[in-house]
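Using our numbering, the letters of the sequence shown map in sequence onto residues 7 to 406.
Ideal Cβ positions, reconstructed from N, Cα and C, are used throughout, including at glycine.
This one's a predicted model, so the numbers in the text were calculated from it and none came from an experiment.
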Amino acid sequence: MPSLSSITPLRTEPHAGPNDIGVSLLPSDNKDGTFKSYPLVISPKTESQKSLAFLSSFMNHNKDWIDDMMLRYGALLFRGFHVVTAKDVEDAVMSYEPNLNNQYRGTSPRHTQGNTEFVFSAAEVPSHYPIAQHIEMSFLPEPPKKLFFSALKAPAAVGGETALADFRKVYNAIPKDLRDKLQEKKLRYTRTHKKVGDRFTHDVAAMLSWSELFRTNDKKQVEKMAAQENMPMRWEGDDTFVSEFETEAFQRHPQTGEAVWFNHAQVFHWTSFPAELFAAFRRTKDLRYLMRALLLGVLSWIKYGPILRQQMALHVAFGDGMPLSIWEMHQIRKAVHENTIYNRWQQGDVVMIDNFSTSHGRQPTYDKGRNIVVAWSDPLAKKDAMANEHLTNSDNDQNA
């Protein structure tokens, strides 16, 4: 990781303002004078630089520098600019990345915001539900290259962070024997979506209906779109969409070639929800999270564990169908949590994320006013990224 002294911000074009932009890192949570290793913070130095016009101009005229910083840090935080509405977010982001995409095949209910085509609600599930760290749509053949989050209303209460994790470091932190097993067996996902989503469940994916996922009630159209996107599918009964497929657990970064933990195991496994609630309790000491973690842990163990063995709407197993054990999931989750950084949102923040290296997730909060929006770039086919057939467990080890 380069020191701040080695970073020379480019000057904007004269019409965008003559001054250099502010570049810094956030203080660490230890309050010991050290700094978090990411995201890189970009902020205005003068009052005139706070405008949306200046931000858009800076993003437009410094694309190469922004791209370089994204590769180094995985995420950039634009803080202190006048970003108020979803349209502001779209205008600023499109000055840097004009090729945004509005096709969503992820797992959370969401809708476009304001008078925009490409800015969506981050996740329309209750704010006190945690969302584990993940690469956006990692399970698809073509995930987005970059993500753009913004806080239209920052949470005032404890929690609610869109935490980040460097999944290159997570790859290194996974025990070698488990990496070998995943490399050999791969992962198998099963997605199940009904025509009408269930709003009264802790199984977040069950909230998303196939009609919302594909934006149509026409089953023939769903079949056509799934075929175009190389998404295997079948219908169970009259109205249940099921997609089952196998994928790699790791991916190479398309530009640097680094090995990346690139899957949704820590999201789709039945232990995820209670485990993330318990992690939230450990961070916040809020007993409500502990009580929910204990209750849902028992209920999940009965329903999805060795007793009833039901499947969640999103289910993950090894490629041969064998389940990932509770211990294996603990090892994965430990590696993720140890490499996660938590940053409090401020009003108007815009965060750019390299979706091929850096994950995001949501910390629970009881602040119902939190309003985070997201946009994403065009996708990049995994097959067009550097091949991972020869990816070995020695990759990245020099950085571990």
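Tell me which residues share the same chain as K201 and place their Cβ nearer than 7 Å to its Cβ, disregarding the 5 neighbours each side in the sequence.
S215, W216, S217 and D245
Secondary structure of F284, DSSP reduced to three states:
F284 sits in a helix when the DSSP states are folded into three classes.
Are the stretch 134-149 and the stretch 323-333 in contact at 8 Å, needing three or more beta carbon pairs?
Output reads no: the stretch 323-333 does not touch the stretch 134-149.
For Q261, the nearest candidate out of R78, R376 and K37 (CA to CA):
R78
Among H275, A387, P33 and N345, which residue has its Cα nearest to the Cα of N178?
The residue with the shortest Cα to Cα distance from N178 is N345.
Quick one: any contact between the stretch 310-319 and the stretch 103-112, if contact means 3 or more CB pairs under 8 Å?
Cβ pair count under 8 Å is below three, so no.
CB F84 to CB L58, shorter than 8 Å?
no
Extent of the continuous beta strand (DSSP E) to which Y295 belongs:
Careful: Y295 lies outside any beta strand (DSSP E), inside the alpha helix (DSSP H) at L293 to Y310.
Please confirm whether R194 and G327 have their CB atoms less than 8 Å apart.
yes
Going straight from the alpha carbon of E123 to that of S63, what length do you get?
21 Å
Judging by CA-CA distance, which residue of T222, R298, R185 and W307 is the nearest neighbour of F268?
R185
Looking only at its own chain, which residues have a Cβ that is under 7 Å from the Cβ of N223, when we skip the five neighbours before and after it?
S217
What's the call for I313, buried or exposed, on a 16-neighbour Cβ count within 10 Å?
exposed
Contact under 8 Å by Cβ, V408 with A81:
In the structure as shown, the chain begins at 7 and stops at 406. Residue 408 is therefore absent and cannot be evaluated.
Which partner residues of V322 appear in the DSSP bridge assignment?
Y195
Return the residue from the list K388, T371, G375 and Y348 that minimises the CA-CA distance to A169.
Y348
Please state the DSSP three-state secondary structure of A212.
The three-state secondary structure of A212, taken from DSSP, is helix.
For L83, write down the residues that DSSP places opposite it in a beta bridge.
V47 and V357
On a Cα-Cα basis, can you pick out the residue from M100, D35, V164 and P104 that is closest to T1?
Given that the chain is displayed from residue 7 to residue 406, the structure contains no residue 1 and the question cannot be resolved.
Within a Cβ cutoff of 6 Å, which residues of the same chain sit near H259, ignoring the five residues on either side of it in sequence?
V266, F362 and S363
Where K187 sits in the DSSP three-state scheme:
helix
Which value, in whole angstroms, describes the spacing of the CA atoms of D183 and V210?
Near 31 Å, if we compare the C-alpha coordinates of V210 and D183.
Run through the DSSP bridge pairs and tell me what R258 is partnered with.
Its beta-bridge partners are A265.
C-beta contact flag for K159 and G375 at 8 Å:
yes
Could you tell me how far apart the beta carbons of S365 and F173 are, in whole angstroms, since I believe they sit closer than 8 Å?
5 Å
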